[in-house]
Every structure is written in structure tokens, then in C-alpha cells.
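Written below as C-alpha cells is the structure these notes are about.
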Amino acid sequence: MNCTIPAGNLKVLTKSLQTLSKIGDELYIEVTKESLLFRSINANKTAFCSFKFFNTFFTSFEVADIDSESDENPKLARKIQMKAILAIFKPLHKDKNLAFCHVELQYESIVIIFKIQYKFDVTVLHKVHLLDMEFWQVNYPNDSMNQVTGTGHCFSQVLSNFQLNNDDLGLEVMHHKVVMRNYDVDETNVLKCIRSQYVLNAIDFVSFKIGQPTNITCSLKPFRAAVQFAEHFNLKLILNFETAGKPVVLIIKNPTFEVHIVMATVSSDGSTQSSISTTVSSIQKKVMNTKKHSDANLTIEDRIALENVDWNDEINNLDEQSKPKLKPALNSLFNNQLGRGHIQKDNDIDNRKLNMDVEDDDIIELSQRSKRIKTVFERCYESTFREENFDYGKILVANSDAESD
Amino acid sequence: MDIQFLAEIKDLKVVYNVLKSIIFKDFVVMRIMEEGMKITVDDMKCVETSVYIPSNIFFVYKIKCDEDIVFKISHKVFTECLHIFGDDGNPSMKMSYKGPGFPLSLVLKHQEENIIVDCEIKTMDVEDEFPDVNLAEECNLNNVVLNAGHFVEILSNIDHNSDELELFLSPEPPYFRITTYGVLGETQIDISKNPDIIIVFNCQTESVSKYSFNNIRQIFKVLNYANKVKISTGRTGLLGFQLVIYADDEKVMYADYYVTPQFIDE
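Written out as C-alpha cells, the structure reads:
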């Protein structure tokens, strides 16, 4: 493969590499007949990013015959260190003397060559070593029943209200509006945590098609990376999603390139069932880590109960709760009207969280008891146990009150 | 004892920046001569950097001794004293030295506030001075004079974690080639004889030598302050950089840098 990128498009390439580097440490380069693909995937395989540069992006784009994919003629896909390619393109960002960049990748070669031509007859040639490559396929739907399109600027305004240390983003989608909120299960110090939520109406978006209202939680980092890219080039961001547990696909389109970012979402049944997620998602891991100190024996149901804090209720209930004198002042402080959206922030002592801590103790007690029950009546919890096959004989005493629950 | 050396300087900024950028060893040798000051630092006898501050940079420059004054001084302490008022201080300085065994005394005066700082830095005798061989004389094979501003920009392409740097000079294309080798890959920079970058290209014989990148890295910091740079090579592979640094519009400072090549297994 031989291609030449004009100086103007090098900015796009540099920015896209920065976006890719926020997702993975390695860059997968794939050449097809009509495009060059740059891809990266994060370490726990919950986020995937693909930049497809069409041949119109280049001033010249020559590919050796790769019509038929066979054993003798395998796919031209290679992997390199992200650090290596970033180091090449980062200094180009502000350089005004650039003429063009030439990329060369051959089947038999062990290096990929980037040749950068400057004015004043200066040529810089970078040979980057290729890494061992494992092939993987990411399958994701391109068309979903829920599709929201907004400008990069619009999303960026929303994200600017979230803290940089927030890991996850909750999206609650209804027929006419979207509620975006930070979702922070990792915060151990409730006094320091800030909860933000942003309500966007359908008119804030370019297009708003909701087939089925849903509530999803995804990672904020790749989302932020996509939004930054879209905002920088003033492009629209298309969000495709279905329900919790199914991946969210972010699409950014331009006549010369196309970006797809796929993110796993946390499944509502507590297990991660995303097509790209093969490992436990970071969110799930964090839940486990934070709970470890209190009790590792919490069942999945318990954890879900802890996670599914209904924030709406919480914020609505604030006024009615313990400190009525303080609340109005606080609310006026945090109910800022920002743009056309509406933000509510609550960094007061989180009453709900405190209540939850009390409940935590109950849960611990409960689960310890259920553990004891399981050891005593081990047989009843085995998978081969069938109640109908079991002869109780004559019941002498009915269940006591405590057990009847 | 009478003061043997006395100097006063008004604008310390460039002098301080240049001196700071050559810190890679604890001690420097300061040689005070009729023509100016020379500050030399060397490492393992394979890298040597010197900064020349000609006497015309100084407002007052008096030397009452027939021989050159030579002493060793802690580089870190010296540069820290020059920067005692921080970035926006830009003090004027008076230097004096009484003779062997006496400290180097500095009096720094803040330009706006009425603050005077008196510093005394202990000096040491130079025992194992680098024999004063004329390295410039040895680098007589090829030389190239470049516009430092453009050259620094081009060098920003180099991966600073490289292990080795190879310099190739040839009368035929590609006239001037720098190649760096690192874990991630290699980078090759070709600069042709374009008058915007190369001011003088004086190369009769082809020469190629490899240098440890760790040694070369030191010069990159000083290059940022330079206006012109002359790169010269010797028959043994010795590489020299001579930098011209403009302290202000008329006054010029010089820095030079020599590095020996890596042992090449033939």
C-alpha cells in the first residue's frame, strides 16, 4: 500500500490518532481496496474505535491487488505501538513547513514507513516496527431502533459539566428527552462526590428517533474522546443504541472519513452481555472492588439494588427531606439554566448514600444468614434439586413468621 | 589580598539560560581569561561542553593577573545563585574573585526592588583538568553551518528515547543525513543543500559515525537558544557543534560541544 496525505489532512490524522490513543495503546492498521482503517481497542475490550479514511482523503492511494482474500493473499492488517506513531505526528501539529506525508506498508515488510516531506528540501523518514498481530472481529449493529444525532458542540457543553474523574455516563432516554448523568460507583467519599445531571430535550438535537425508551450506562472516556474529535472538526455525532447490555455505537461522518466508536454498556441483569465485551466491564469490576471492604458475599441482586439508585426520586425528594431551611438556597445554587439544557447538581451530603450505608449493614447481616442457611440446607440449593420430587411427608408445624418472608 | 578578577553584568537572562541548559555534571571548570570567561563541563572524557562569555558581554571586566584564573565550582549552586530572584527578577550582577582558596563572590541586585543578595561560592582547585587539546583543530574533515531555528524544528521529529544517532555527511546526495535508532523504530532525516537551512556546506569526503543518543541529547537543550550552528566532524569520528548565541542584538556568546563516536566493530 502506498498513499500520500496532503498537509491539510494531516491535522485530521493527528487528531484521530489522539482520539485513538485515548482508547487503546496499540494501533491496528488495515488496508482495504478503497480505504485505510485505523483501529484501536481498549485493554478490557469494552471500547473500540475505528477511523476509516476513504481514498478521497488521500492525494494518491495505491493498493496492490487485494481483491480476493485467501490464504496466499491475506488481509493487509498490521499492528504498531500507539506511542511510536503519536511521537511522529504530534510535532507535525503546529509545523507550517509541511508539504505532505507518504505512508508505505508492504506485505513482506517488518516496518511501516512514514515519509514526511517538508519545504526547504527536508525529508524525514520514520520506520516503525510492526508488532505481532492477532486478528479480531468486532460485530456491531450499524442501525438501531434508537438514534440520536447532535452536534459535537452540544455534547461537549454537556460533558464540560461533568468532573474529569468521572468514569461512567448514564443515559436515560425517553420519547422526547434525554437525561445524561454521571454515574460514579467508585466514589468512596460521599462528601466529595458531585452528582450532575443534564436534561436535553428532543429539539436540542439534530435528529431524535427513539423506538424504545431505555436507560444505559457506558464509559465516559471514549465518549469524551469522540465528542472532542467531533467538536474540533465541527461535525455531527450520531448515537446508535438499543438497550442496556447492547453496545452503543457513535458515528461521526465526513465525505472523506468515517469514525465508529463502539462502547459496551452495563447490562441490566448484572452480567455484561455486550458483543464486544468478553471480560468483566470496568464498571462491574469497580462495583466489586468498592464493595469488597464491606462484604464480598453480596449477591448479584444486592449489587444491582445498590447500583440502581433512582436519582430522579432522590433529587425530587430533596426538598421534602430533613433540612427544609437549607434546601431552597442550595437548589437555587445548583439549578443553573445552562444553554437550552437544564442542569441540576447536588454536592450536599448525599442523604440517599448515607441511608444506603445503613442498609448495607442489614444486607451484610442478611447475606450472612442466607449463607448459614445455605450451609445447613445445602441439598435444597443444588441445581439437581426438584421440589416436586421431594416428599415432605406430614407437615407437623407450619413455617414460622421469620421464615415465611 | 587584592581582587584578581572583577566583572559586572547587567542582563543575566541569556547567560543564565545557556548555563542552565548545560547542566549534566555537578562541577564545572571556570577559566577566566583576558578575552572572556569559559565554562567547561565534561563527562567521562567523551563529552565536553563549553560556554564562552566574551568580555564585551560584561559591563565591567577587569583582570589583574598575568595568567588565566582557573577553578572548579559547583554548577548547580552557581546557576541557582544567578536565578535567586526567580524568572521575573532579571538582576544585575557583580562577580569578584580574590585568588586560589578564596570563594567566588557574587553580588546580585534586583532591578526594581531594593534587594541585594551577596553570595559566596566555594571554589576548588582543578586537579585532573581535561588536557587542553585543541578539539576544534581535530574536527577538520567536514563542516556544515545551519540555521539553528529551522534545525531545531527538524530535530523535533527525533524520538528522544532513541539509543543511537548516526550522522552521515557526503558531497553527493543525500548530503546530510541524521538517523536515530530506537526500540520503536528508526527515523531518518535528510537535509539537502537548501540555502534557507544550510548556510555553508563544506564536505569533501564522505563520513559516517554513530553516537550514543544520551550524549547527544545534552546539546539539544542549548540548541534552542542558538542562532547558528556549525557541525563539524573529524577523521576519528569526533563530532563538534559550535553554536552562536545572540545575547542581544550586538553581543554574541558561543557554546561548543564535542562528543566522541561509539566504538564501532569493524
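So the sequences go chain by chain: A and B.
Quick note on the working numbering: the first sequence kicks off at 183 and runs consecutively.
Quick note on the working numbering: the second sequence kicks off at 125 and runs consecutively.
For every residue, glycine included, the Cβ atom is placed at its ideal position computed from N, Cα and C.
For chain A, is any of its Cβ atoms less than 9 angstroms away from the one on residue i?
{"i": "I294/B", "result": "Contrary to the premise, residue 294/B reads as Ser rather than Ile in this sequence. Cβ-Cβ to chain A under 9 angstroms: no for S294/B."}
{"i": "H199/B", "result": "no"}
{"i": "E310/B", "result": "yes"}
{"i": "I340/B", "result": "no"}
{"i": "S167/B", "result": "Sequence inspection shows Asp at residue 167/B; the Ser mentioned does not correspond to that position. Chain A contact via Cβ: absent."}
{"i": "K352/B", "result": "no"}
{"i": "I318/B", "result": "Reading off the sequence shown, one finds Asn at residue 318/B, where the question assumed Ile. Yes - at least one Cβ of chain A is within 9 angstroms of the one on N318/B."}
{"i": "I323/B", "result": "no"}
{"i": "I313/B", "result": "yes"}
{"i": "H234/B", "result": "no"}
{"i": "E277/B", "result": "yes"}
{"i": "D249/B", "result": "no"}
{"i": "S174/B", "result": "no"}
{"i": "N264/B", "result": "no"}
{"i": "D283/B", "result": "yes"}
Examine chain B for any beta-carbon lying closer than 9 angstroms to the beta-carbon of residue i, and answer yes or no.
{"i": "Y284/A", "result": "As written in the sequence, residue 284/A is His, which differs from the Tyr given in the question. Judged by the 9 angstroms Cβ criterion, H284/A is not in contact with chain B."}
{"i": "L341/A", "result": "no"}
{"i": "I270/A", "result": "yes"}
{"i": "V304/A", "result": "yes"}
{"i": "K197/A", "result": "no"}
{"i": "K505/A", "result": "Low per-residue confidence applies at K505/A: pLDDT is 38, beneath 50, and the placement is therefore not dependable enough to give any value."}
{"i": "Q263/A", "result": "yes"}
{"i": "V245/A", "result": "no"}
{"i": "P273/A", "result": "yes"}
Got a sec, what are the start and stop residues for the alpha helix (DSSP H) residue i sits in?
{"i": "C283/A", "result": "Premise fails: C283/A lies in the beta strand (DSSP E), L280 to E286, not in any alpha helix (DSSP H)."}
{"i": "V409/A", "result": "L402 to H414"}
{"i": "F337/B", "result": "F337 to L347"}
{"i": "H311/A", "result": "Where H311/A is concerned, there is no enclosing alpha helix (DSSP H), although the beta strand (DSSP E) it sits in stretches over V304 to H311."}
{"i": "V431/A", "result": "Looking at the DSSP string, V431/A is not in any alpha helix (DSSP H); the run it does join, the beta strand (DSSP E), is V430 to K435."}
{"i": "C336/A", "result": "G334 to L341"}
Suppose contacts are defined by Cβ-Cβ distances below 9 angstroms. Is residue i in contact with residue j by that definition?
{"i": "P227/B", "j": "E244/B", "result": "yes"}
{"i": "V320/A", "j": "V444/A", "result": "yes"}
{"i": "V431/A", "j": "H442/A", "result": "yes"}
{"i": "M395/B", "j": "D192/B", "result": "One cannot answer for residue 395/B here, as it falls past the ends of chain B, which runs 125 to 390."}
{"i": "F300/B", "j": "I315/B", "result": "yes"}
{"i": "T384/B", "j": "V171/B", "result": "yes"}
{"i": "L195/A", "j": "C283/A", "result": "yes"}
{"i": "I369/B", "j": "V346/B", "result": "yes"}
{"i": "L351/A", "j": "L274/A", "result": "no"}
{"i": "F195/B", "j": "M248/B", "result": "yes"}
{"i": "I294/A", "j": "A259/A", "result": "no"}
{"i": "I298/A", "j": "Q345/A", "result": "no"}
{"i": "I434/A", "j": "N422/A", "result": "no"}
{"i": "F411/A", "j": "K197/A", "result": "yes"}
{"i": "F239/A", "j": "I187/A", "result": "yes"}
{"i": "M356/A", "j": "P404/A", "result": "no"}
State buried or exposed for residue i, treating a residue as buried only when at least 16 other CB atoms are found within 10 Å of its CB.
{"i": "H308/A", "result": "buried"}
{"i": "M183/A", "result": "buried"}
{"i": "I458/A", "result": "Here I458/A scores only 45 on pLDDT, less than 50, and its place in the model is too uncertain to base an answer on."}
{"i": "R568/A", "result": "exposed"}
{"i": "P506/A", "result": "In this prediction, P506/A has a pLDDT of 39, which is less than 50 and means its spatial position is unreliable; what the coordinates show is noted afterwards. Classification of P506/A: exposed, given that the 10 Å Cβ count is below 16."}
{"i": "D373/B", "result": "exposed"}
{"i": "G575/A", "result": "exposed"}
{"i": "E316/A", "result": "exposed"}
{"i": "V562/A", "result": "Reading off the sequence shown, one finds Cys at residue 562/A, where the question assumed Val. Burial call: exposed."}
{"i": "N571/A", "result": "exposed"}
{"i": "K391/A", "result": "exposed"}
{"i": "T311/B", "result": "buried"}
{"i": "P510/A", "result": "Residue confidence for P510/A is low, a pLDDT of 40 falling below 50, so the modelled location carries little weight and cannot support an answer."}
{"i": "R155/B", "result": "buried"}
{"i": "Q342/B", "result": "buried"}
{"i": "V310/A", "result": "buried"}
{"i": "L578/A", "result": "exposed"}
{"i": "P437/A", "result": "exposed"}
How far does the beta strand (DSSP E) with residue i in it extend, from its first residue to its last?
{"i": "V268/B", "result": "N266 to N271"}
{"i": "T164/B", "result": "G160 to D167"}
{"i": "G393/A", "result": "Note, G393/A: premise wrong, no beta strand (DSSP E); not H, not E."}
{"i": "S582/A", "result": "Unbroken run through S582/A: none, as it is neither H nor E."}
{"i": "N383/A", "result": "R377 to N383"}
{"i": "N422/A", "result": "K418 to F423"}
{"i": "Q263/A", "result": "L258 to Q263"}
query = Taking contact to mean at least 3 C-beta pairs separated by less than 8 angstroms, is the segment 268 to 281 of chain B in contact with the segment 348 to 360 of chain B?
reply = yes
*Touch test, the segment 213 to 227 of chain A against the segment 415 to 428 of chain A, Cβ-Cβ under 8 angstroms, three pairs minimum*: no
Quiz prompt | Cβ contact (3+ pairs, closer than 8 angstroms) linking the segment 225 to 238 of chain A and the segment 323 to 331 of chain A | solution = no
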